[in-house]
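In order, the protein sequence lines correspond to chains A, B and C.
Per this note's numbering, residue 929 is the first one in the first sequence, and the count goes up by one each step.
Per this note's numbering, residue 929 is the first one in the second sequence, and the count goes up by one each step.
Per this note's numbering, residue 929 is the first one in the third sequence, and the count goes up by one each step.
Every residue gets a Cβ at the ideal spot worked out from N, C-alpha and C, and that includes glycine.
For reference, the structure discussed in these notes is given below.
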Amino acid sequence: MTWLKNVWYQAGWSDELEGGKSFTRRLLNEPILFFRGESGDVAALLDRCPHRFVPLSAGAIEGDKVTCPYHGLAFGTKGNCVVNPHGPITSSMSVRSFPAVERHGAIWIWMGDADAADPAKVPDLSYIDAVPDTAMFRMYIPTPTNYQLLIDNIMDLSHADYVHATSLGGMMTDAKVRSREEDGKIVIDWTADACVPAPAFAPMVPLDQRADVWIEVTWQAPGVMVLVNSVVPVGQPRNPNVQALHNMVPETETSTHYFMCATRSFAMDSEDITAAMKASAEQAFLREDKPMLQEQFRGMDGKDFWELKPVLLPVDAAAVRVRRKLDMLIAAERD
Amino acid sequence: MTWLKNVWYQAGWSDELEGGKSFTRRLLNEPILFFRGESGDVAALLDRCPHRFVPLSAGAIEGDKVTCPYHGLAFGTKGNCVVNPHGPITSSMSVRSFPAVERHGAIWIWMGDADAADPAKVPDLSYIDAVPDTAMFRMYIPTPTNYQLLIDNIMDLSHADYVHATSLGGMMTDAKVRSREEDGKIVIDWTADACVPAPAFAPMVPLDQRADVWIEVTWQAPGVMVLVNSVVPVGQPRNPNVQALHNMVPETETSTHYFMCATRSFAMDSEDITAAMKASAEQAFLREDKPMLQEQFRGMDGKDFWELKPVLLPVDAAAVRVRRKLDMLIAAERD
Amino acid sequence: MTWLKNVWYQAGWSDELEGGKSFTRRLLNEPILFFRGESGDVAALLDRCPHRFVPLSAGAIEGDKVTCPYHGLAFGTKGNCVVNPHGPITSSMSVRSFPAVERHGAIWIWMGDADAADPAKVPDLSYIDAVPDTAMFRMYIPTPTNYQLLIDNIMDLSHADYVHATSLGGMMTDAKVRSREEDGKIVIDWTADACVPAPAFAPMVPLDQRADVWIEVTWQAPGVMVLVNSVVPVGQPRNPNVQALHNMVPETETSTHYFMCATRSFAMDSEDITAAMKASAEQAFLREDKPMLQEQFRGMDGKDFWELKPVLLPVDAAAVRVRRKLDMLIAAERD
Chain A
929 MTWLKNVWYQ AGWSDELEGG KSFTRRLLNE PILFFRGESG DVAALLDRCP
979 HRFVPLSAGA IEGDKVTCPY HGLAFGTKGN CVVNPHGPIT SSMSVRSFPA
1029 VERHGAIWIW MGDADAADPA KVPDLSYIDA VPDTAMFRMY IPTPTNYQLL
1079 IDNIMDLSHA DYVHATSLGG MMTDAKVRSR EEDGKIVIDW TADACVPAPA
1129 FAPMVPLDQR ADVWIEVTWQ APGVMVLVNS VVPVGQPRNP NVQALHNMVP
1179 ETETSTHYFM CATRSFAMDS EDITAAMKAS AEQAFLREDK PMLQEQFRGM
1229 DGKDFWELKP VLLPVDAAAV RVRRKLDMLI AAERD
Chain B
929 MTWLKNVWYQ AGWSDELEGG KSFTRRLLNE PILFFRGESG DVAALLDRCP
979 HRFVPLSAGA IEGDKVTCPY HGLAFGTKGN CVVNPHGPIT SSMSVRSFPA
1029 VERHGAIWIW MGDADAADPA KVPDLSYIDA VPDTAMFRMY IPTPTNYQLL
1079 IDNIMDLSHA DYVHATSLGG MMTDAKVRSR EEDGKIVIDW TADACVPAPA
1129 FAPMVPLDQR ADVWIEVTWQ APGVMVLVNS VVPVGQPRNP NVQALHNMVP
1179 ETETSTHYFM CATRSFAMDS EDITAAMKAS AEQAFLREDK PMLQEQFRGM
1229 DGKDFWELKP VLLPVDAAAV RVRRKLDMLI AAERD
Chain C
929 MTWLKNVWYQ AGWSDELEGG KSFTRRLLNE PILFFRGESG DVAALLDRCP
979 HRFVPLSAGA IEGDKVTCPY HGLAFGTKGN CVVNPHGPIT SSMSVRSFPA
1029 VERHGAIWIW MGDADAADPA KVPDLSYIDA VPDTAMFRMY IPTPTNYQLL
1079 IDNIMDLSHA DYVHATSLGG MMTDAKVRSR EEDGKIVIDW TADACVPAPA
1129 FAPMVPLDQR ADVWIEVTWQ APGVMVLVNS VVPVGQPRNP NVQALHNMVP
1179 ETETSTHYFM CATRSFAMDS EDITAAMKAS AEQAFLREDK PMLQEQFRGM
1229 DGKDFWELKP VLLPVDAAAV RVRRKLDMLI AAERD
């Protein structure tokens, strides 16, 4: 399998490195060690000593260096050897390092050609920066299935009426749906006028009232999706009151790092509303989507998605566009 | 590996669908969902929604339809889509269904060409229908080994003297053995005159008397074996007082559904004798054969049976005939 | 993968067969049953009945024969069939047997061409025979990694300063190191004059004194390494006061039987010193080396050692020589 390489992948949330913490995460099937150097910048090193291959994360991280516990070689934040107790240091004694930046409260890594790693290409999630911490919450949901199946899930929200019948669903099956491509992004939007709002939308519209719901989902490669939700009482003008990132990052062929971050533009200092919205999200994404995606993975029985000849429904239009676009981008990169 | 396809395989016992129950069983490495429709007929559907591949068994079965829990598509007993909440129903929206019938208290499925699925080809086990429930018992023993090794085990009963020394054995090693082919079936019979009967035969002959024992085993493709036992006091005429099905159905390359059903022609309403015979069978097949077959599987170490160059003994004659016959049938089907 | 075949491999310690015990051990990925026949000689049989492949170790061993529990065939210490309840015995009814000898308190097996199995080729470990039992201890450490990585570990003792910092280490990084080839063996020696001796060396030199330490490690194919340690107060003549075998025997591609035996030439009847030295060894090899080697195995992520392009340090010189020598020997055997 091939993944898109020359693109920024989210590796985690910035707070995972708080207080001198470090972590190792497998991304595109490579184990990567993340830690902050003395400057505060994030270092991302292949988690494998180049000498005898012990994971560097088994050693000690102090300041700008990580020391391999097997023979004492130490490496700096750019992967260069900085301590060799057994002789001179040469340039070949380095561990692969990856460009890494922080944006929008997240850590991003570039796994392709380092020279092409332009921080300006990090997906623009400035909507996250625009709200205070009290008006957002983040989640990380490791999920044992291929990342494209998780993208499909978000690009086709019709599933909400079945998988999330009592939390987020009830409005999608009868919604008007349109999808389009725009600047290399795939956009799908769902319009459900005068519908019974889902229970999770209680913070936006009283549950005994009808609502006008509009949800626009924008995908960009490889697995970054932003949902803009407008949930307002019937007849009121659209108001993008909730925006949410759903970012699917391949760990391996068959497992995915699912990063989620939701912000809102109302009651921005209410801890209660944050707690209620987070509880809804956990119910939906952790306790409803994740088990369903695991069932799907089991049902696929190790077979390839297209080989199984999936029935295509109109609601799959955007998801299929994303798959084709991703295939094209990967093919282009390979050539 | 290839299995024989155009043949009826036993999928279960009819009572597994009692009271509206359903079950999923993997057969020839395909997961199949079994349930009864409103007519009472057995439906057998590939347990995988054709849209996004979630197992249908994760959804709800009501009357003649099963509903996928992911997007709400529903399918009838013949696999046709009967509900599509997202648009029109087309003929491509079907899940594979398999011919299934009930005979002799068992559920049978045809995994090959559906047009060739003639119920008249279900193995004739009418001996089961001829006795009341009080004169029989059934077992299901899932066994982690290849089904052909389980066939070998029944076609060579000499193992009983070693594996079942204190339950069913003691008479086979010195028995007269003959095997033959008859109408495409392989038959082997064992004659042990004036022998000390095995403890399990106490219901037929007092344990302090000698017995004339005659056991005929008839195999038909793919793994259906019927044992007719005559166990009588010395000098009395043959009397087929116990008949037993041993049916080996491939779950995967390395696991087998072992179905067993024994009937008797004496003391047909004795619950005590049924209980005693069932206890003997559990001891022999579950607690003696199954562990030995697992040891054998471990001993084969993932290697092919013939590549290991098995020593062939005279008692293996029928088992080897079965293997060659099965190979021929599979080869013929492939051409 | 190919292993060297025409060579003696250690299969265990003699005391593993004490009191009529037997054991099965996988060597070069073949399961072998070891037991003593009536003569006291070690029998080594493939642990797989040639008839229907049940492991013979599941049966009974009595005197010179082992009986398969499935059909009652029995085999002698040379693998010949000695009992066939089902007909005549022919020469084809034998199980593979392997030449096996006992030397130096260990059991040795020859997995290659039996005609070439000359007991004189067993590695000379007569230093073990030269000391009483009170002056030695043995260990067996099954380790889930490739045996060549375990050889690397012993051929490069510089790791001791990092992995065994508080037990065996502290002297190697600054030691003088020389390696050479001698009669087909690879030898590396480490000289650390006037060093602070490792805590484990307390039996040889008081911990508040400086010591002259000299360690010579001699490898011979396939994975037999003998360490001769001289640890003496500064200025005293060399005295090889501790000798230790570290023998790495492939179980599979990814697991190793690690046999260790240490002897000393002082305080030869002190149980306390034996206990102290064994405790040090357990700390170092079982609780420090083994976890580090498992980390290394994890870090290699299923990849080949050379494909990972290891950085080579001067301290690796002997380990690399061993790898190249072993490759040559294996290639020569294949031709």
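Bounding residues of the beta strand (DSSP E) (the contiguous stretch that carries residue i)
{"i": "residue 1202 (chain B)", "result": "Looking at the DSSP string, residue 1202 (chain B) is not in any beta strand (DSSP E); the run it does join, the alpha helix (DSSP H), is 1199-1209."}
{"i": "residue 1231 (chain C)", "result": "Run containing residue 1231 (chain C): none; DSSP gives neither H nor E here."}
{"i": "residue 1107 (chain B)", "result": "1104-1110"}
{"i": "residue 1179 (chain A)", "result": "1168-1180"}
{"i": "residue 1158 (chain B)", "result": "1152-1161"}
{"i": "residue 941 (chain C)", "result": "936-941"}
{"i": "residue 977 (chain C)", "result": "Taken as a continuous stretch (DSSP letters only), residue 977 (chain C) belongs to no beta strand (DSSP E), as it is neither H nor E."}
{"i": "residue 1194 (chain B)", "result": "Element bounds for residue 1194 (chain B): n/a, residue is neither H nor E."}
{"i": "residue 1029 (chain A)", "result": "1028-1031"}
{"i": "residue 1130 (chain C)", "result": "Unbroken run through residue 1130 (chain C): none, as it is neither H nor E."}
Where residue i falls: helix, strand or coil (DSSP)
{"i": "residue 927 (chain B)", "result": "Outside the shown range of chain B, which is 929 to 1263, sits residue 927 (chain B), and nothing can be said about it."}
{"i": "residue 901 (chain B)", "result": "For chain B, the structure presents residues 929 to 1263; residue 901 (chain B) sits outside this window and is missing."}
{"i": "residue 1091 (chain A)", "result": "helix"}
{"i": "residue 1117 (chain B)", "result": "strand"}
{"i": "residue 1076 (chain C)", "result": "helix"}
{"i": "residue 952 (chain C)", "result": "strand"}
{"i": "residue 1016 (chain A)", "result": "coil"}
{"i": "residue 1071 (chain C)", "result": "strand"}
{"i": "residue 1065 (chain B)", "result": "strand"}
{"i": "residue 1135 (chain C)", "result": "coil"}
{"i": "residue 1034 (chain B)", "result": "strand"}
{"i": "residue 1212 (chain A)", "result": "helix"}
{"i": "residue 1122 (chain A)", "result": "strand"}
Chain-ordered neighbours of residue i on chain B, where CB pairs are closer than 8 angstroms
{"i": "residue 982 (chain C)", "result": "1220, 1223, 1224 and 1227"}
{"i": "residue 1021 (chain C)", "result": "1239"}
{"i": "residue 1101 (chain A)", "result": "1000, 1013 and 1014"}
Within chain B, the residues that residue i reaches when beta carbons sit closer than 9 angstroms
{"i": "residue 1089 (chain A)", "result": "999, 1000 and 1013"}
Contact list for residue i against chain C, beta-carbon separation under 7 angstroms
{"i": "residue 986 (chain A)", "result": "1223"}
{"i": "residue 1165 (chain A)", "result": "What residue 1165 (chain A) touches in chain C: nothing, since even the nearest Cβ is about 54 angstroms away."}
{"i": "residue 1185 (chain A)", "result": "Here the premise fails: no neighbours, minimum Cβ distance about 18 angstroms."}
Limits of the unbroken alpha helix (DSSP H) element including residue i
{"i": "residue 1006 (chain C)", "result": "Premise fails: residue 1006 (chain C) is in no alpha helix (DSSP H) and is neither H nor E."}
{"i": "residue 1254 (chain B)", "result": "1245-1262"}
{"i": "residue 967 (chain B)", "result": "It is not in any alpha helix (DSSP H) - residue 967 (chain B) carries neither H nor E in the DSSP assignment."}
{"i": "residue 1054 (chain B)", "result": "1054-1057"}
Bridge partners - residue i, DSSP secondary structure assignment
{"i": "residue 993 (chain A)", "result": "A:990"}
{"i": "residue 957 (chain B)", "result": "Note: residue 957 (chain B) sits in no beta bridge, so no partner."}
{"i": "residue 973 (chain B)", "result": "B:961 and B:1025"}
{"i": "residue 1011 (chain C)", "result": "C:1002"}
Chain-ordered neighbours of residue i on chain C, where CB pairs are closer than 9 angstroms
{"i": "residue 978 (chain A)", "result": "1236, 1237, 1238 and 1239"}
{"i": "residue 1086 (chain B)", "result": "999, 1000, 1013 and 1014"}
Any chain D beta carbon closer than 8 angstroms to residue i
{"i": "residue 1027 (chain C)", "result": "Going by chain labels, chain D is absent from the structure shown, which instead holds the protein chains A, B and C."}
Partners in chain C for residue i, counting only beta-carbon separations shorter than 8 angstroms
{"i": "residue 950 (chain A)", "result": "Under the 8 angstroms cutoff, chain C gives no residues; its nearest Cβ is about 16 angstroms from residue 950 (chain A)."}
Proximal residues of chain A, C-beta to C-beta of residue i below 9 angstroms
{"i": "residue 1243 (chain C)", "result": "999, 1014 and 1015"}
Margin query: Does the stretch 984-992 of chain C come into contact with the stretch 1053-1073 of chain C, if we say contact requires no fewer than three beta-carbon pairs (one atom in each stretch) closer than 8 angstroms?
Written below: Taking 8 angstroms as the limit for Cβ pairs, the verdict is that the stretch 1053-1073 of chain C does not touch the stretch 984-992 of chain C.
Pair every Cβ in the stretch 1085-1099 of chain A with every Cβ in the stretch 1204-1219 of chain A, then say whether three or more of these pairs are closer than 8 angstroms. Cβ pair count under 8 angstroms is three or more, so yes.
Is there contact here, the stretch 974-982 of chain B with the stretch 1015-1033 of chain B, by at least three beta-carbon pairs under 8 angstroms? Flag = yes, the stretch 974-982 of chain B and the stretch 1015-1033 of chain B touch.
Indicate whether the contact test is met: 3 or more Cβ pairs, each with one atom in the stretch 1182-1192 of chain B and one in the stretch 1068-1077 of chain B, closer than 8 angstroms. As far as the Cβ criterion goes, the stretch 1182-1192 of chain B touches the stretch 1068-1077 of chain B, which means the pair count is three or higher.
Counting beta carbon pairs with one atom in the stretch 1222-1237 of chain A and one in the stretch 1219-1232 of chain B, are three or more of them shorter than 8 angstroms? These segments do not touch.
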